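Residue numbers (my numbering): 11 to 254. Comments concern the structure below.
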Ligand SMILES: [Zn+2]
């Protein structure tokens with residue numbers, strides 16, 4: 011299977027062009043595979059983009075409902091709205107900008123809460139984030155005995171989050187070497203390859219974080235974040251939030 015160039019890593023453009031390299035059908039449905047894409051495939055706790063792929067030759071549309079990444083290729087699952095497409099057809103891609111914005115807000119909010127939690131300097135390591143609009147949360151594994159005082163720390167995290175959001179701050183992404191990452195990041199995931207550049211996201215003034223997701227360009231694109239609950243589930247500390 012040919013590899014797909016991931017254009018969404020470099021910009022947030024809602025429209026782009028590509029060429030079909032393969033069309034497959036499996037248990038998830040029919041998928042178009044392209045040489046490059048602006049569609050974000052589900053992963054890292056962030057839902058996939060949705061939108062349309064238009065055939066430039068015939069003007070027919072393919073409605074993209076779900077996007078997945080597998081072995082270097084991005085699979086755009088959906089349905090043909092008219093005639094079928096063929097390999098080598100040139101296509102125009104349009105993502106649902108409103109959905110992308112909501113997903114980017116929820117994802118970036120997870121980073122902002124993470125920054126607030128790190129400033130507590132508790133004996134915990136990040137486990138995962140879930141940034142779907144329904145009930146987003148960030149989750150941590152404690153490395154020593156009970157680190158969280160739920161009530162007190164919830165108020166603290168909320169204050170820190172409000173403080174971060176009170177000043178509009180640029181959010182950027184870049185590729186850096188492993189050595190640079192060790193110098194600038196507060197946390198290095200253990201499964202990160204040391205021989206490849208790593209994509210990091212950075213909110214100006216805060217440590218860079220390894221991440222492959224999409225983010226808002228500036229913290230002012232998030233009006234407010236409500237820290238809803240700190241709970242413990244299966245030995246993991248979960249901080250639930252809501253983006254307004
Ligand atoms: Zn991210």
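Ideal Cβ positions, reconstructed from N, Cα and C, are used throughout, including at glycine. Just so we're clear, the structure is a prediction, and the values are computed from it rather than from any experiment.
Let's test the definition: count the other Cβ atoms within 10 Å of the Cβ of residue i and tell me whether it reaches 16, buried, or not, exposed.
i           : result
residue 92  : exposed
residue 96  : exposed
residue 237 : buried
residue 114 : buried
residue 51  : buried
residue 198 : exposed
residue 171 : buried
residue 173 : exposed
residue 71  : buried
residue 64  : buried
residue 88  : buried
Take residue i as the anchor and find which of the options has the nearest alpha-carbon.
i           : options            : result
residue 102 : 30, 166, 50        : 30
residue 252 : 232, 158, 217, 244 : 232
residue 200 : 245, 183, 136      : 136
residue 222 : 155, 174, 58, 167  : 58
residue 169 : 55, 14, 125        : 125
residue 191 : 116, 35, 211       : 211
residue 53  : 152, 76, 70        : 76
residue 216 : 240, 182, 242      : 182
residue 226 : 69, 205, 119       : 119
residue 14  : 209, 187, 65, 84   : 84
residue 224 : 33, 248, 99, 141   : 141
residue 74  : 143, 44, 111, 139  : 44
Compute the beta-carbon to beta-carbon distance between residue i and residue j, rounded to the nearest angstrom, for a pair I have assumed lies under 8 Å.
i           : j           : result
residue 229 : residue 213 : 7 Å
Please classify residue i: does DSSP put it in a helix, a strand, or coil?
i           : result
residue 53  : strand
residue 126 : helix
residue 132 : coil
residue 283 : Residue 283 lies beyond the residue range present for the chain, which begins at 11 and ends at 254; the question has no answer from this structure.
residue 138 : strand
residue 219 : strand
residue 67  : coil
residue 102 : strand
residue 231 : helix
residue 43  : strand
residue 94  : coil
residue 192 : helix
residue 206 : coil
residue 151 : strand
residue 112 : helix
Quick one: does the C-beta of residue i sit closer than 7 Å to a heavy atom of ligand 3?
i           : result
residue 246 : Looking for ligand 3 in the displayed structure turns up nothing; the ligands present are ligand 1.
ask   = Around ligand 1, which residues pass a check of Cβ closer than 5 Å to any of its heavy atoms?
value = This selection yields 211, 221, 223.
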